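Asks: The numbering of the sequence shown is my numbering, which starts it at 3 and goes up by one.
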Amino acid sequence: MSEPGVPLAGVIGYPIAHSRSPLLHGHWLRSNGIRGHYIPMLVSQADLREVLAALPKAGFVGVNVTIPHKEAVIQIADVVTDRAALIGAANTLIFRKDGKIHADNTDGYGFIASIEQEAPQWYAPAGPAAVFGAGGAARAVIVALIEAGAPEIRLANRTRSRAESLRSEFGSKIIVHDWVQAGAMLEGALTVVNTTSLGMVGKPEFKIPLDALSPRALVCDIVYNPLRTALLEAAEAAGCTVVDGLGMLLHQGAPGFERWFGVRPVVDSETRAAVLGAF
Ligand code: ATR
Numbered sequence: 003m004s005e006p007g008v009p010l011a012g013v014i015g016y017p018i019a020h021s022r023s024p025l026l027h028g029h030w031l032r033s034n035g036i037r038g039h040y041i042p043m044l045v046s047q048a049d050l051r052e053v054l055a056a057l058p059k060a061g062f063v064g065v066n067v068t069i070p071h072k073e074a075v076i077q078i079a080d081v082v083t084d085r086a087a088l089i090g091a092a093n094t095l096i097f098r099k100d101g102k103i104h105a106d107n108t109d110g111y112g113f114i115a116s117i118e119q120e121a122p123q124w125y126a127p128a129g130p131a132a133v134f135g136a137g138g139a140a141r142a143v144i145v146a147l148i149e150a151g152a153p154e155i156r157l158a159n160r161t162r163s164r165a166e167s168l169r170s171e172f173g174s175k176i177i178v179h180d181w182v183q184a185g186a187m188l189e190g191a192l193t194v195v196n197t198t199s200l201g202m203v204g205k206p207e208f209k210i211p212l213d214a215l216s217p218r219a220l221v222c223d224i225v226y227n228p229l230r231t232a233l234l235e236a237a238e239a240a241g242c243t244v245v246d247g248l249g250m251l252l253h254q255g256a257p258g259f260e261r262w263f264g265v266r267p268v269v270d271s272e273t274r275a276a277v278l279g280a281f
């Protein structure tokens with residue numbers, strides 16, 4: 003139990019050592035002069051339910067949830083936001099005073115807020131989007147793009163069946179393309195997003211040909227290590243506006259921090275530096 007009145011939050015995952023969230027929330031706690039703590043917690047799937055039930059009793063006001071628990075917490079939570087239910091995963095839990103666990107997904111919010119900050123001229127309804135990947139991150143990005151008014155979402159994934167199931171879940175705005183010809187999706191696309199792990203340190207390169215990329219396109223990579231991926235370098239060289247993956251990571255944390263600690267944190271160059279310090 004923490005000192006009375008000192009709120010605790012944290013992040014639950016397995017593994018957890020790689021998480022940047024303690025750096026992010028630690029920075030926000032310090033820069034806002036809040037007496038609270040944000041703690042990384044290694045919790046196995048078998049222990050998840052029991053740990054979540056116990057944390058409020060120890061002074062926790064909520065937690066972030068990361069791989070592999072984002073889907074499982076939807077079953078455990080008492081109240082699930084529409085957005086989290088639609089995505090099928092939650093990353094932010096609030097332990098309410100009435101004892102109920104409230105689950106939300108702020109990944110899509112983080113994605114849009116990051117673009118709005120870095121590329122305020124972006125307007126989703128202006129043209130088709132092209133999304134690479136159909137995993138958990140893609141689900142949040144696609145829901146956010148649909149909500150933002152993208153007229154068409156072209157989707158390619160190495161495992162085509164995963165892209166097909168996103169189409170059946172999220173509707174006919176999604177047009178599935180073959181992974182081997184994924185470069186063709188770029189023709190006329192105004193929003194381009196890599197949600198795969200390609201280009202991440204230790205993972206294979208993102209090698210999809212970018213010849214069809216329009217200089218009017220906004221290109222986002224959710225990979226943030228490295229910050230400047232080969233995709234973003236090539237897109238910038240082609241004249242595109244680019245948004246790196248760090249902004250999404252920072253912005254997705256803001257709604258949880260506000261609910262737990264009562265202050266809406268800012269995402270600025272200091273926030274970026276605080277999290278980048280660990281790379
Ligand atoms: P996340 O929650 O981060 O999206 P994920 O659900 O494991 O993680 O999804 C990872 C994405 O990267 C998937 O779209 C995956 O493609 P598959 O569905 O075919 O696995 C994609 N990905 C990972 N490694 C890849 C590779 N070497 N080539 C192409 N796509 C890859």
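Virtual Cβ for every residue (Gly too), placed ideally from N, Cα, C.
Quick caveat, the model's predicted, so the values are computed rather than measured.
For a test of your reading of the model: does the CB of N159 fall under 7 Å from any non-hydrogen atom of the ligand ATR? Yes or no.
Replies: At least one heavy atom of the ligand ATR is nearer than 7 Å to the Cβ of N159, so yes.
Asks: For T193, which residues from the same chain have a beta carbon less than 6 Å from its beta carbon, with the 5 sequence-adjacent residues on both sides left out?
Replies: Excluding sequence neighbours, T193 sits near A131 and L220.
Asks: Is it buried or exposed, R266, if we count other Cβ atoms within 10 angstroms and call 16 or more buried?
Replies: It is exposed - the Cβ of R266 has fewer than 16 other Cβ atoms within 10 Å.
Asks: Would you grab the beta carbon distance between V65 and A139 for me? Rounded to a whole angstrom, and I think it's under 8 Å.
Replies: That pair is no contact at about 20 Å.
Asks: What residues match up with L44 in a beta bridge as DSSP calls it?
Replies: Its beta-bridge partners are G15.
Asks: With 16 other CB atoms within 10 Å as the buried threshold, where does R156 fall?
Replies: By the neighbour-count rule (16 or more Cβ atoms within 10 Å), R156 is buried.
Asks: Taking the alpha-carbon positions, what's the G35 to D106 distance?
Replies: Straight-line Cα distance between these residues: approximately 26 Å.
Asks: Is the beta carbon of G201 closer than 8 Å to that of S116?
Replies: No, these two residues do not count as a Cβ contact at 8 Å.
Asks: On the DSSP letters alone, give me the boundaries of the alpha helix (DSSP H) that F263 sits inside.
Replies: Run containing F263: L248 to F263, per the alpha helix (DSSP H) assignment.
Asks: Do the segment 210-218 and the segment 178-188 make contact, defined as three or more Cβ pairs closer than 8 Å?
Replies: Contact holds: three or more Cβ-Cβ distances are below 8 Å.
Asks: If we ignore side chains and look at the alpha-carbon of each, how far apart do A19 and P42 end up?
Replies: Taking the straight line joining both Cα atoms gives about 8 Å.
Asks: DSSP three-state label for D109, please.
Replies: Of the three classes helix, strand and coil, the one that applies to D109 here is helix, per DSSP.
Asks: If you run the structure through DSSP and keep just helix, strand and coil, what is L54?
Replies: Three-state DSSP puts L54 in a helix.
Asks: According to DSSP, what are the bridge partners of T193?
Replies: Partner(s): A131 and L220.
Asks: Assign V245 to one of three DSSP states: helix, strand, or coil.
Replies: If DSSP states are grouped into helix, strand and coil, V245 belongs with the strands.
Asks: For A56, count neighbouring C-beta atoms within 10 Å of its own C-beta (all shown protein chains included) and say buried if the count is 16 or more, exposed if not.
Replies: Classification for A56: exposed.
Asks: To which residues does DSSP link V82 through a beta bridge?
Replies: Paired residues: A105.
Asks: Taking the alpha helix (DSSP H) that F172 falls in, what are its first and last residues?
Replies: First-last of the alpha helix (DSSP H) with F172: R162 to F172.
Asks: Would you call the CB atoms of K102 and V81 closer than 8 Å?
Replies: It is a contact, given that the beta carbons lie within the stated cut-off.
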